[in-house]
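Numbering (our numbering), first residue to last: 172 to 707.
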C-alpha cells in the first residue's frame with residue numbers, strides 16, 4: 172500500500188481513538204460538576220465512569236467479530252454513528268439515568284464497535300517498521316488526547332458546561348466519517364461467519380455482574396451486608412451476607428458457561444465468538460496481563476487525582492486539568508519517543524523500566540501528601556508517573572499483537588480491546604471502592620478514638636458513616652453539620668484527616684499493583700518487535 176495511504180489511514184484511526192480517550196479524561200475532571208448538574212453523588216459518577224468502560228468491554232469482542240461478518244470498515248463506521256448518537260443524548264441529559272443511557276449504553280456500544288477494529292485495520296493494511304511507527308503514533312495521539320482532554324474538559328466545564336465536551340466529540344467523529352475514504356474497502360470472502368449471539372450474552376453477563384458487584388462493595392460490604400440490597404420491597408441479605416459475593420458467584424458461573432459454550436461450538440465446527448486457543452499462546456496471555464494492569468492504573472489515577480484535587484483544595488475543573496497535564500505531558504514524551512528511539516533495546520526492557528518509573532512516580536505523590544499543602548506539588552510525581560506509562564504504552568500493544576498469527580488478528584485484537592476496556596472499568600471500580608472503604612474505616616476509627624464525642628453519639632455517627640459516607644469537600648461536610656456546633660469542628664477535623672489518609676492508602680495500593688505488573692513484565696518474551704523481524 173502506498174505510503175500516503177498508510178499515513179492518512181493512521182490519521183483516521185487516530186482520530187477515532189482520540190475521541191474515546193478524550194471522552195474519559197474530560198469526564199474525570201468534571202466529577203464535581205456532574206454531581207451538581209445531575210443531582211447525584213461521587214459514587215454515582217464513579218459508577219457511570221466504570222459502566223461506560225464496562226459497556227465497551229462487554230461488546231468489544233462482538234465488535235471484533237463483526238469485522239469478519241460485515242467488514243472492518245463498516246463496523247468501525249457503524250460504531251462511530253452509535254457514538255455520535257450517545258454523545259448527543261448525554262449532552263442533553265438532566266439526570267443520572269439519562270446520562271448513563273447516552274454515555275454508558277449507546278456511546279459505549281459505539282466505542283465497542285470502533286476500538287477493536289483500529290488495531291485490526293492497522294495490522295491488515297500497514298506492514299514492517301511503518302506498523303511499529305503507526306502503533307507508536309497511536310500511543311502518542313492517545314497521549315495527546317489525555318494531555319488536552321483535562322484542559323479542554325476543565326475549560327468547558329468551568330466556563331461553559333461539560334455538555335459541550337460531548338458536542339465537541341460529535342464534531343470530531345463527523346470529520347472521521349468525512350475522511351472515511353482513507354480506509355480501504357472491505358474485501359469479504361464468499362462465506363461469512365455467523366455471530367455467536369449466545370457467547371456474546373454469556374461473556375457480557377459475566378463482566379456486568381463482576382463489575383457491578385465490585386461497585387457495590389462500598390455501600391453493601393464485601394462479605395457481610397452493611398445494609399440489605401433492596402429488590403423492590405424485598406430486602407436481599409440472606410444469612411446477613413452482602414449482595415456482592417452472589418453477584419461475583421453469578422459472574423463466575425456465566426464465565427464457565429461461556430467457556431463450555433465456546434468449546435461446544437468448536438467441537439461442532441461452528442463459528443465462535445473467540446478462539447479459546449489464543450489463551451494457550453503464552454506470550455499473548457502474559458502481554459495481556461501487563462496491558463490489563465497498565466490500563467487499570469491509568470483509569471485509577473485519572474479518577475483519584477482529580478477527585479482529590481477538587482474535594483481537598485476546592486480548585487476548578489480547569490485548574491485540575493492543568494495539573495493533570497503533568498501526567499499527560501510525561502506520557503506523551505515517552506509514548507511518542509519510545510517506538511522511535513532505542514531500537515536496539517528490547518521492548519520487554521522498556522516495559523519493565525516504564526513500570527518501575529510508575530512506582531517511583533506514585534511514591535513521589537505519596538511523599539508529597541505527607542509534607543505539602545499545595546496542589547501543584549503533585550506535578551513532579553504525576554510527570555514521572557506519565558513518563559513510565561508512556562514507555563509501557565509505546566511497546567505493549569505491539570508485543571501483544573505480535574504474538575498471534577495474521578489469521579487470528581481480528582480475534583486477538585478483540586480480546587486485547589476487551590481486556591483494555593475491562594481493565595479501565597475495573598480500575599475505576601476497584602480504586603473508587605478502596606478510596607471509600609479506606610475513608611469510612613479511617614473515619615470510624617478516629618470517631619471511636621475522639622475525646623469530644625460522647626459514647627452514644629460515637630455509636631450513632633459510626634453507624635451512619637458505615638452506610639452513607641461519601642467523598643465530599645470540607646464545605647459540604649460543614650453545611651451538613653449546621654446546627655451541631657458543639658461537634659462541627661471535631662467532625663470536620665476527623666473527616667479531613669480520614670480523607671487525606673484514604674487517598675494515601677489508595678495511592679499505596681496503586682504502587683503495589685504497578686510493582687506486580689513489573690514482576691509480570693519480566694516474563695514477557697525477550698524478542699524484538701515483530702515488524703523488525705519481518706524486515707530482516
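Idealized CB from N, CA, C, for every residue including glycine. Note that the coordinates shown come from a computational prediction; the quantities given were computed from them, not determined experimentally.
Identify, in the order they occur along the chain, each residue of the same chain with its Cβ nearer than 6 Å to the Cβ of residue i, setting aside the five sequence neighbours on each side.
i, result
"residue 189", "312 and 316"
"residue 595", "224, 466 and 470"
"residue 249", "284"
"residue 338", "262"
"residue 702", "In this prediction, residue 702 has a pLDDT of 44, which is less than 50 and means its spatial position is unreliable; nothing more can be read from the coordinates."
"residue 570", "458 and 518"
"residue 333", "201 and 204"
"residue 336", "197, 324 and 327"
Output the distance between the C-alpha atoms of residue i and residue j, rounded to the nearest integer angstrom.
i, j, result
"residue 202", "residue 609", "20 Å"
"residue 673", "residue 546", "17 Å"
"residue 478", "residue 441", "48 Å"
"residue 541", "residue 533", "13 Å"
"residue 705", "residue 299", "Confidence in residue 705 is poor, its pLDDT being 41 and thus under 50, which makes the residue's placement unreliable; the coordinate value appears in the next sentence. Rounded to whole angstroms, residue 705 to residue 299 spans 6 Å at the Cα level."
"residue 304", "residue 291", "15 Å"
"residue 242", "residue 462", "27 Å"
"residue 239", "residue 358", "10 Å"
"residue 597", "residue 228", "10 Å"
"residue 557", "residue 526", "10 Å"
"residue 692", "residue 520", "8 Å"
"residue 677", "residue 600", "12 Å"
"residue 573", "residue 436", "27 Å"
"residue 484", "residue 366", "51 Å"
"residue 480", "residue 486", "7 Å"
"residue 279", "residue 667", "36 Å"
"residue 350", "residue 254", "17 Å"
"residue 552", "residue 343", "32 Å"
"residue 492", "residue 363", "47 Å"
"residue 538", "residue 531", "10 Å"
"residue 355", "residue 544", "54 Å"
"residue 498", "residue 410", "46 Å"
"residue 694", "residue 452", "13 Å"
"residue 661", "residue 619", "12 Å"
"residue 680", "residue 181", "36 Å"
"residue 567", "residue 403", "46 Å"
"residue 168", "residue 274", "Absent from the model: residue 168. The displayed extent of the chain is 172 to 707, so no value can be given."
"residue 251", "residue 185", "13 Å"
Using a Cβ-Cβ cutoff of less than 7 Å, which residues in the same chain neighbour residue i once the five nearest sequence positions on both sides are dropped?
i, result
"residue 613", "669, 672 and 673"
"residue 231", "283, 286, 287, 585, 588, 589 and 592"
"residue 215", "267"
"residue 272", "260"
"residue 429", "370, 373, 374 and 377"
"residue 277", "253, 256, 257 and 260"
With 16 as the cutoff for other CB atoms within 10 Å, does residue i come out buried or exposed?
i, result
"residue 753", "With the chain covering 172 to 707 only, the question about residue 753 has no answer from this structure."
"residue 381", "buried"
"residue 438", "exposed"
"residue 266", "exposed"
"residue 689", "buried"
"residue 714", "The displayed coordinates of the chain run from 172 to 707. Any statement about residue 714 would go beyond what the structure contains."
"residue 516", "exposed"
"residue 625", "exposed"
"residue 217", "buried"
"residue 207", "exposed"
"residue 236", "buried"
"residue 115", "One cannot answer for residue 115 here, as it falls past the ends of the chain, which runs 172 to 707."
"residue 346", "exposed"
"residue 296", "buried"
"residue 309", "buried"
"residue 697", "exposed"
"residue 423", "exposed"
"residue 264", "buried"
"residue 506", "buried"
Cβ of residue i within 7 Å of any heavy atom in the ligand ZN?
i, result
"residue 366", "Absence of the ligand ZN is noted for the structure shown, with no ligands found whatsoever."
Leaving out the 5 sequence neighbours to the left and right, which residues in its chain are closer than 8 Å to residue i when beta-carbon positions are compared?
i, result
"residue 418", "380, 381, 383, 384 and 387"
"residue 371", "230, 232, 233 and 444"
"residue 183", "347, 350, 351, 353 and 354"
message = With three or more C-beta pairs closer than 8 Å as the rule, is the region 436-446 touching the region 575-590?
response = The region 575-590 vs the region 436-446: in contact.
key: Every unbroken alpha helix (DSSP H) within the region 218-283, with a cutoff of 4 residues, ordered by chain   = Runs of the alpha helix (DSSP H) inside the region 218-283: 243-263 and 267-270.
request  = Taking only runs that begin and end inside the region 434-459, name each unbroken beta strand (DSSP E) of 3 or more residues, in chain order.
outcome  = Those beta strand (DSSP E) runs which fall completely within the region 434-459 and span 3+ residues do not exist here.
inquiry  = Within 8 Å, do at least three Cβ pairs link the region 680-687 to the region 613-627?
reply    = Taking 8 Å as the limit for Cβ pairs, the verdict is that the region 680-687 does not touch the region 613-627.
inquiry  = As an exercise, report each continuous alpha helix (DSSP H) stretch of at least 4 residues that is fully enclosed by the region 509-553, in chain order.
reply    = Within the region 509-553, the complete alpha helix (DSSP H) runs of at least 4 residues are 518-542.
ask   = Curious, which full-length alpha helix (DSSP H) runs of at least 4 residues does the region 331-397 contain?
value = Counting only runs of 4+ residues, the alpha helix (DSSP H) found wholly inside the region 331-397 occupies 334-349, 368-386 and 388-391, in chain order.
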